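As structure tokens, the structure follows; a few thoughts come after it.
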């Protein structure tokens with residue numbers, strides 16, 4: 049995709065509205081160009097980032113060896129609703145060369161447009177007070193951009209606020225605040241029309257621009273492109289497939305009647321706690337959670353979304369002997385007889401489920417040796433991430 053062409057589809061009206069909005073700001077805690085640390089008319093710069101997904105169709109993936117799933121999970125393309133970013137529910141973070149917060153840009157402080165029908169690509173523009181880069185030397189500027197999207201996409205959200213009160217915090221310090229959203233209810237699925245969206249986060253690798261390139265970026269058309277940001281969902285997807293419903297050996301029509309997960313977390317974190325993630329969005333195999341988020345009674349009933357398939361979305365969870373989610377599968381036959389089978393995720397081997405991690409799909413195929421127990425085979429997939437284009441100024 050030609051990102052320079054995407055940048056140009058912004059209308060003069062949108063850019064004018066954004067700039068006019070900036071010049072109306074007087075609050076020192078605002079994200080407008082004339083906010084602290086001081087502002088001089090015309091002393092703004094424009095930046096651009098290409099926001100891409102982490103799925104196998106991403107043309108940039110081969111240049112980012114660090115984002116390839118270390119456990120070798122295959123990729124799976126996301127649906128349009130799973131890709132969707134609510135452009136009115138985004139926080140953008142400007143970070144210095146030490147990945148410490150300089151400024152939070154919130155909804156209403158930028159212009160953003162969607163650029164494709166699958167909700168993968170967006171363009172966001174805003175200008176930055178040049179004074180924010182005074183920490184750098186005389187030859188170049190190094191900085192990062194972090195994004196949290198769909199902060200209020202789950203109805204029982206309770207902690208979506210990101211403010212400049214976090215000024216000078218590192219990404220790790222912000223993550224360790226464990227700002228959270230609530231877990232989903234039975235039957236929840238992302239739905240654009242119903243404003244039900246999956247929370248996401250992404251961070252660029254540190255970008256370095258020369259002072260000349262930065263100072264030349266005075267308009268959206270001359271914005272300095274500073275790299276890419278990969279968006280990553282803060283939920284996991286669970287899928288259970290009934291593989292014995294159509295088995296010729298199934299003489300009495302046994303089939304899965306229901307599937308539920310028990311012993312889960314009641315909250316999810318927007319920003320992952322990780323030593324490596326602040327260097328640029330990367331695949332995470334561990335879960336970000338606090339111990340009191342785990343509940344032995346928290347359960348989720350999966351939805352029968354297609355023939356023989358049950359699906360649901362869950363917040364991240366460690367899988368240990370103490371925090372051990374369980375799959376409960378109820379089977380019914382043509383005579384109405386039911387059987388209930390329970391599988392702790394920690395008991396699954398080769399290599400075993402160590403965590404329910406963000407942006408992964410956990411697929412369980414249920415088979416049966418007749419007159420014996422059911423068997424569970426599972427696959428973990430890396431979820432195709434949302435793809436977004438963002439330009440900053």
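Numbering (the numbering used here), first residue to last: 49 to 441. Quick reminder that beta carbons are idealized off the backbone N, C-alpha and C, glycines included. Just so you know, these numbers come straight off a predicted model, no measurement behind them.
Please work out which residues of its chain come closer than 6 Å, Cβ to Cβ, to residue 422, disregarding the five sequence neighbours upstream and downstream, and give them in chain order.
-> Taking the chain shown and counting its residues from 1, one reaches residue 422 at position 374. Result list for residue 422: 389, 414 and 416, in chain order.
Just tell me which of 353, 383, 326 and 226 has its CA closest to the CA of residue 235.
-> Position 187 of the chain shown, counted from the start, is the residue given in the question as residue 235. Of 353, 383, 326 and 226, the residue nearest in Cα terms is 353.
Cβ neighbour criterion (16 or more within 10 Å) applied to residue 342 | Counted from its first residue, the chain shown places residue 342 at position 294. It is buried - the Cβ of residue 342 has at least 16 other Cβ atoms within 10 Å.
Given a threshold of 16 other Cβ atoms within 10 Å of its Cβ, counted over all protein chains shown, does residue 54 qualify as buried or as exposed?
-> Position 6 of the chain shown, counted from the start, is the residue given in the question as residue 54. For residue 54, the predicted model reports a pLDDT of 20, less than 50, meaning its position is unreliable; a value from the coordinates is still stated below. Its Cβ being crowded by 16 or more others within 10 Å, residue 54 is buried.
Residues near residue 129 in its chain [Cβ-Cβ closer than 7 Å; skip 5 each side] = Within the chain shown, the letter at position 81 stands for residue 129. These residues qualify, in order along the chain: 238, 239 and 240.
Check the C-beta distance from residue 145 over to residue 253 and give it rounded, since I have them as a contact under 8 Å.
-> Your numbering for residue 145 matches position 97 in the chain shown. Your numbering for residue 253 matches position 205 in the chain shown. Contact check for residue 145 and residue 253: beta-carbon distance about 12 Å, past the 8 Å limit, so the pair fails to qualify.
Would you tell me roughly how many angstroms separate the C-alpha atoms of residue 297 and residue 427, rounded to the nearest one?
-> Position 249 of the chain shown, counting from 1, holds the residue named residue 297. Position 379 of the chain shown, counting from 1, holds the residue named residue 427. When rounded, the distance between both Cα atoms is 25 Å.
Kindly identify the DSSP beta-bridge partner or partners of residue 151.
-> In the chain shown, residue 151 corresponds to position 103, counting from 1. Answer by DSSP bridge pairing, in chain order: 142.
Cutoff 6 Å; reference residue 162; Cβ partners in own chain excluding five residues on either side = Counting from one through the chain shown, the residue named residue 162 turns up at place 114. Excluding residues within five positions, the ones whose Cβ falls inside 6 Å are 170.
Classify residue 270 as buried or exposed, calling it buried when 16 or more other Cβ atoms lie within 10 Å of its own Cβ.
-> Mapped onto the chain shown, residue 270 falls at position 222. Answer is exposed; the Cβ neighbour count stays below 16.
So the beta strand (DSSP E) residue 305 belongs to, where does it begin and stop?
-> Here residue 305 refers to the residue found at position 257 when the chain shown is read from its first residue. For residue 305, the enclosing beta strand (DSSP E) has its first and last residue at 303–313.
Selected residue, minimal CA-CA separation from residue 174, among 372, 339, 381 and 92 | As a working note, residue 174 is residue 126 in the chain shown. Of the candidates 372, 339, 381 and 92, the one whose C-alpha sits nearest the C-alpha of residue 174 is 92.
Can you tell me which of the three DSSP states residue 367 falls into?
-> Residue 367 sits at position 319 when you count from the first residue of the chain shown. Correct three-state label for residue 367: coil.
Where does the unbroken alpha helix (DSSP H) through residue 392 begin, and where does it stop?
-> As a first step, residue 392 is located in the chain shown; it is residue number 344 there, counting from the start. Residue 392 -> not in any alpha helix (DSSP H); beta strand (DSSP E) instead, spanning 386–392.
Using a Cβ-Cβ cut-off of 6 Å (strictly less than) and excluding sequence neighbours within five positions of residue 199, which residues of its own chain qualify?
-> As a position in the chain shown, residue 199 is number 151, starting the count at 1. Excluding sequence neighbours, residue 199 sits near 137 and 208.
Cβ-based neighbour list, residue 372, same chain, cut-off 7 Å, excluding 5 preceding and 5 following = Translated into the one-based positions of the chain shown, residue 372 becomes position 324. These residues qualify, in order along the chain: 311, 392, 393 and 394.
DSSP state of residue 236, grouped into three classes?
-> Position 188 of the chain shown, counted from the first residue, corresponds to residue 236. Assignment of residue 236 by DSSP, reduced to helix, strand and coil, places it in the coil class.
Using the rule of at least 16 other Cβ atoms within 10 Å of the residue's Cβ for burial, across every protein chain shown, is residue 182 buried or exposed?
-> As a position in the chain shown, residue 182 is number 134, starting the count at 1. Residue 182 comes out exposed.
Taking the beta strand (DSSP E) that residue 290 falls in, what are its first and last residues?
-> Walking along the chain shown from the start, residue 290 turns up at place 242. First-last of the beta strand (DSSP E) with residue 290: 284–290.
Helix, strand or coil for residue 179 per DSSP?
-> Working through the chain shown from its first residue, we reach residue 179 at position 131. Of the three classes helix, strand and coil, the one that applies to residue 179 here is helix, per DSSP.
Under the three-state reduction of DSSP, which class applies to residue 425: helix, strand or coil?
-> For the purposes of this step, residue 425 is taken as residue 377 along the chain shown, with counting starting at 1. Correct three-state label for residue 425: strand.
Does DSSP classify residue 249 as helix, strand or coil?
-> As a working mapping, residue 249 is identified with position 201 in the chain shown. DSSP places residue 249 in strand when its eight states are reduced to three.
Within 8 Å, strictly: CB atoms of residue 223 and residue 379 | In the chain shown, counting from the first residue as 1, residue 223 sits at position 175. In the chain shown, counting from the first residue as 1, residue 379 sits at position 331. Judged by their CB atoms, residue 223 and residue 379 are not nearer to each other than the 8 Å cut-off.
For residue 194, which of helix, strand or coil comes out of DSSP?
-> The residue you call residue 194 lines up with position 146 of the chain shown. If DSSP states are grouped into helix, strand and coil, residue 194 belongs with the strands.
Hey, would you say residue 431 sits closer than 8 Å to residue 126, going by beta carbons?
-> Taking the chain shown and counting its residues from 1, one reaches residue 431 at position 383. Taking the chain shown and counting its residues from 1, one reaches residue 126 at position 78. With respect to the 8 Å criterion, residue 431 and residue 126 are classified as neighbours on the basis of their beta carbons.
Going by alpha carbons, who is nearest to residue 230 out of 410, 369 and 361?
-> Here the question's residue 230 lines up with position 182 in the chain shown. Taking only the C-alpha atoms, the option nearest residue 230 is 361.
Would you be able to state if there are at least three C-beta pairs under 8 Å between the stretch 270–286 and the stretch 401–409?
-> With a cut-off of 8 Å, the stretch 270–286 and the stretch 401–409 count as touching, because enough Cβ pairs lie within range.
What are the residues that DSSP puts in a beta bridge with residue 325?
-> Counting from 1 along the chain shown, the entry for residue 325 is found at position 277. DSSP output for residue 325 lists no bridge partner at all.
Three-state secondary structure (DSSP) of residue 339 | To locate residue 339, count along the chain shown from 1; it is residue 291. In this structure, residue 339 counts as helix in the three-state DSSP scheme.
In three-state DSSP terms, what is residue 317?
-> As a first step, residue 317 is located in the chain shown; it is residue number 269 there, counting from the start. Residue state, collapsed to three classes: strand.
Under 6 Å Cβ to Cβ from residue 226, same chain only, skipping five residues before and after it: list those, please.
-> As a working note, residue 226 is residue 178 in the chain shown. If we look at residue 226 and ignore the five residues flanking it on each side, its Cβ neighbours are 317 and 338.
Around the C-beta of residue 187, are 16 or more other C-beta atoms found within 10 angstroms, so that it is buried, or is it exposed?
-> Within the chain shown, numbered from 1, the residue matching residue 187 stands at position 139. Residue 187 is exposed by the Cβ-count criterion.
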